[in-house]
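To convert, note that position 283 of the sequence shown is 268 in my numbering; the numbers rise steadily by one, no gaps. Glycine included, each C-beta is placed from N, C-alpha and C at the ideal position. Read the structure below first, then the notes.
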Amino acid sequence: MRYYFQLRKQLNMQIRILTLCCLGAMLFTLGCGSPPAPTNTLIYGRGGDADGLDPTHTDIGESVKVIVNIFDKLVDYDEETLDLVPSLALSWETSDDGLVWTFDLREGVKFHDGTPFNAEAVAFTINRIIQPDHPHAYDNVIPFYPNYEGIESVTPIDEHTVQFKLKHPSATFISNMAMFPASIVSPTAVKIHKEHFARNPVGTGPFKFEHWKTDQQLVLAANDNHWRGRPTVDRVIFIPVKESAVRVKQLERGEIHIADNLPPSEVDELAKLPTIKIQETEGMNVGYMTMNMDKPPLDNLLVREAIWHAIDRDRLIDVAYSGHATKAVSMVPPTMWAHHSGLADREFDPEKSKQLLAEAERNAGVKLPIKLQLFVMAQPRPYMQRPRQTVVFIKDSLERVGFDIEIVTNDIRQHFFRMTQGEHQLGLAGWSADIPDPDNFLYTLLDLDNINDDGGNNLSRYRNEEMHDWLIAAKSELDVEKRKQLYLKAQESIFRDAPVLPLVHTKVRIAQRKELSGYKLHPSSMVRLRHSKITP
């Protein structure tokens, strides 16, 4: 492959692009049957690989990018907005008490394996999430179980009608049905592949899974029979390249069509090239540092507050984000309703930090310097495009006030796995919204329901019974203003207790070749490639 690229540098840009696609065709011929048209393969460069493609058993962003192109859901987002629109469900209605939801399903849809989509498939899919002992849930890790645990039952009424019964009214139910974990899977394929379904996914979506060579390439092919019509491109190749600088060069040379999660400074430079265009949208995300409250002395509020005061987040934004981020105070992004704009920040104050640590030493027996491990992911994320620069900045900041920090770097899959197991003390993390609702940040990331060793997202292991009651009440409260007040109170509690240090909210930016058209960044950050088109 390296020799191939050296040869290709001698060619002009148009021939280079054609040659790359021919290489893709040869690879497919070796492993996947007939090759595509040479110029009609979209190559997507990203910072890491997926961990699995079973929607039930992952919450890794690199997996989601692929999943949303293989599977459909009952409801989905509009092409350009966060409005919910019909997908595999043509329509739906709810009972007066909000406990029963009935969906009329699209007819004539088939899974990629040729089996029919129907109400039984919907029930099978959702039951794999809500039934912990389901015989065809082959992994204990079901990250989004808490989002669906309010579903009491799913009942096929007939072939094309399915009914959900809820335990209580839910303000988030229909939005949760638009989340990727509710992607409808082929029951036949799950039963055949069992625990290997995560590497052999079968849905009804615009693209079909072809093959996957871990850390090399993951290949999808157009679904000729998709109910919305065939995608414009024949294939999509997802290529994981950890080093952002390499992805930049690949994009410049025409070896890939899209590069995501690039450092802002690199995106600014790429924007100057005539062959590149940049897309940007306001992100619904947060990058943060979690503090594991099960690991002393991080169970001490004085220590957590000292950490907060030690880090100059304004300077961090300049160093690691080239100014392309907003300082975070709350975990709820400012682009989302119920964001608490009235929280008075703990400002950068190293002397205050030292005083708090001295008080913790006097009154709680905390020994200085405090030795802590700080976990960081090896690959860039939308909320943390330069994780290495971020972690070094934080280490240096903390060591100036009385900490001794050891950086622990892991591949992103291992990074989050180890943190959900509670192995970390400090850890860099982040979240991009699955649905445009504060519940997706506050309940998912900081509620006691989400503390477990099988994929729980409350990485700080923060336990607040009063806040839990507010968040549960907000789930079933249908009055938006009353919900907002509950979420404002929750944010005040989180700020007071400081289980996390919110760092930044970022815009989502990608760089792409100008010969690629039709692909639009979506406010949800979902990578939906159905309309993508390559013009030689």
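Contact defined as beta carbons within less than 8 Å: I believe residue i pairs with residue j. What is the distance between those atoms, to the nearest angstrom?
i	j	result
S160	I420	4 Å
F194	V221	Not confirmed; about 11 Å, so no contact.
R213	A207	The pair is not a contact, with the Cβ atoms about 12 Å apart (cut-off 8 Å).
A74	D89	7 Å
L27	I355	With 8 Å as the limit, L27 and I355 do not qualify as a contact, their Cβ atoms being about 49 Å apart.
D454	P131	Incorrect: roughly 15 Å between the Cβ atoms, too far for contact.
If you reduce the DSSP assignment to three classes, tell me which class residue i lands in.
i	result
G412	strand
S72	coil
N425	helix
H400	helix
K356	strand
P166	helix
F102	coil
E466	helix
T41	helix
W77	strand
V107	helix
L430	helix
L3	For L3, the predicted model reports a pLDDT of 33, less than 50, meaning its position is unreliable and no value from the coordinates is stated.
Q116	coil
V523	In the structure as shown, the chain starts at -14 and stops at 521, and residue 523 therefore has no counterpart that could be examined.
D36	coil
L258	coil
F218	Before going further, note that residue 218 is Val rather than Phe in the sequence given. Coil, per DSSP.
Q370	coil
N316	It should be pointed out that residue 316 corresponds to Met in this sequence rather than to Asn. In this structure, M316 counts as coil in the three-state DSSP scheme.
K150	strand
F56	coil
R331	coil
A244	strand
K387	Looking at the sequence itself, residue 387 is Gly, so the reference to Lys does not match. The answer is coil: DSSP assigns G387 none of H, G, I, E or B.
G46	helix
I436	coil
A207	strand
F378	helix
I420	coil
Please tell me whether residue i and residue j are closer than 9 Å, where the distance is taken between their beta carbons.
i	j	result
T405	N449	no
L69	V60	yes
L542	V485	The structure shown does not extend to residue 542, since the chain is modelled only from -14 through 521, so no value can be given for it.
D245	R513	no
T320	E267	yes
N270	A418	yes
R398	I45	yes
F96	G188	yes
I272	A313	One detail in the question is off: residue 272 reads as Gly in this sequence, not Ile. Yes, these two residues count as a Cβ contact at 9 Å.
V377	L205	no
I224	Q201	yes
F333	V170	no
G387	L342	yes
P40	F158	no
K280	H409	yes
H325	Y447	no
A183	T110	no
Y62	P508	yes
I127	H42	yes
N54	G190	yes
L151	W86	yes
Tell me which residues share the same chain as residue i and place their Cβ nearer than 6 Å to its Cβ, disregarding the 5 neighbours each side in the sequence.
i	result
H516	G503
K505	none
A256	I263
Y306	P249
T311	H490
What does a CB cutoff of less than 7 Å around residue i pick up in its chain, not counting 5 residues either side in sequence?
i	result
P483	According to the sequence provided, residue 483 is Ala. The question's Pro does not apply to it. Excluding positions up to five away in sequence, the list reads L286, R289, E290 and W293.
K499	T260, I261 and K262
I390	L357, L359, K380, L383 and E384
T199	D34
E134	I115
E344	L287
M369	G272, T375, L413 and G415
Once you ignore the five residues that flank residue i on each side, which residues in its own chain have a CB closer than 8 Å to its CB?
i	result
E180	Y123 and D124
R385	A295 and P335
Checking contacts by CB at 9 Å: is residue i closer than that to chain D?
i	result
G441	No chain D appears in the structure shown, which is made up of a single protein chain.
My parser needs the alpha helix (DSSP H) runs of 4 or more residues fully inside the segment 273 to 311; what are they?
Runs found: 286 to 295 and 298 to 306.
Sequence ranges, beta strand (DSSP E) only - wholly within the segment 171 to 205, length at least 3:
Counting only runs that start and end inside the segment 171 to 205, the beta strand (DSSP E) elements of at least 3 residues fall at 192 to 198.
Any chance you could list the beta strand (DSSP E) runs of at least 3 consecutive residues sitting entirely within the segment 464 to 519, in chain order?
Considered as a whole, the segment 464 to 519 harbours 485 to 491 and 493 to 498 as its complete beta strand (DSSP E) runs of no fewer than 3 residues, in chain order.
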